[in-house]
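See structure below.
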Amino acid sequence: MDATPDYLYSKTALKIAELLPHSKIVFILRDPVERMLSWFKYAKQEGMISNEMSFEEYVMVQAGKPIEKDLPIFFRALEQCKFDKYLQEFYRAFQSRCLIIDFNELKNNPRKVMAQLCAFSDLEDKFYDSYTFRAENVSQTVSNTSIIRFYSSLRQKLIHTLHQYPVIFDLMKKPNQLLKQILFRQSRQAEELVVPLNIKEIIMHEINQTTLEEKIGTCPKNHLEDFV
């Protein structure tokens with residue numbers, strides 16, 4: 022099993038359906054406005070964008086702009102909210118082996134979602150009867166973004182280099198966790214932002230789709246042909 026949001030935008034990932042004919046794929050979709058907010062907070066936390074940049078500026082710098090080859094991933098957030106555009110190819114490749122889940126449902130009722138996932142994967146779900154669900158990797162506000170930026174850059178380079186050496190890669194996990202705790206010990210959870218209606222409208226107009234809640238609520242979550 023592997024998990025990453027990046028697969029959705031990679032045509033290479035479509036080969037999984039052919040190379041692993043019994044594989045299944047799960048997409049957990051988030052409301053586009055919430056997803057943009059999440060990317061904005063994460064980009065600030067990692068020092069990718071200036072602490073002075075507002076959410077409105079973050080949206081407007083992407084709205085109506087073409088996706089250039091060298092455009093940083095943190096400025097592709099709006100493009101990556103176009104779920105319809107990318108999901109259709111996965112549904113054609115995986116058909117009934119593709120499951121769609123609403124992020125808010127996972128957040129509000131994780132036990133129910135895990136039962137659904139286990140049923141889809143032909144797994145026993147009793148393990149989750151006593152499981153403690155908690156949020157991980159919550160975005161934080163940091164004071165020294167230059168240090169965080171250096172840490173993030175170094176971490177990505179090490180991951181790229183050490184991934185071919187599994188033993189060393191595993192040994193580096195605990196030191197990395199300790200270093201991360203030290204770097205973020207004076208941080209605080211990122212503040213909740215109120216998104217102006219006009220910015221919400223710009224986001225939804227840009228991706229040209231109705232809200233995730235409307236789509237999820239009117240279709241079977243495991244039939245993408247009704248979703249898109």
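This note's numbering puts the last residue of the sequence shown at 249; the count rises by one with no breaks. Quick reminder that beta carbons are idealized off the backbone N, C-alpha and C, glycines included. Small disclaimer: the values here were computed from a predicted structure and weren't measured.
Classification of residue i by the beta-carbon crowding that lies within 10 angstroms, buried from 16 upward
i    : result
E227 : buried
A98  : buried
L218 : exposed
Y152 : exposed
A140 : exposed
Q116 : exposed
D191 : exposed
Q83  : buried
R132 : exposed
G85  : exposed
Y112 : buried
K65  : buried
R56  : buried
R51  : buried
Q137 : buried
F154 : exposed
D143 : exposed
K128 : exposed
V134 : buried
I203 : exposed
T33  : exposed
D123 : buried
L199 : exposed
I70  : buried
H184 : exposed
L58  : buried
I94  : exposed
K62  : buried
I223 : buried
I88  : exposed
I121 : buried
Beta-bridge pairing of residue i - partner residues as DSSP gives them
i   : result
I46 : C119
Cβ-Cβ separation, residue j to residue i (assumed contact under 8 Å), whole Å
i    : j    : result
I46  : C119 : 5 Å
V215 : V54  : Wrong, their Cβ atoms sit about 11 Å apart, outside the cutoff.
Y149 : L29  : At roughly 25 Å, the Cβ-Cβ gap does not stay under 8 Å, so Y149 and L29 are not in contact.
L175 : M193 : That pair is no contact at about 12 Å.
beta-carbon residue i near the ligand HEM non-hydrogen atom, thresh 7 Å
i   : result
E73 : As for the ligand HEM, it is missing from this structure, which has no ligand bound.
Please give me, in chain order, every unbroken run of the alpha helix (DSSP H) with length at least 4 that falls completely inside the segment 66-123. 76-81, 104-115
So does the segment 72-91 actually touch the segment 37-49, counting three or more Cβ pairs closer than 8 Å? no
Decide if the segment 76-85 is in contact with the segment 93-111; the criterion is three or more beta carbon pairs, one per stretch, under 8 Å apart. yes
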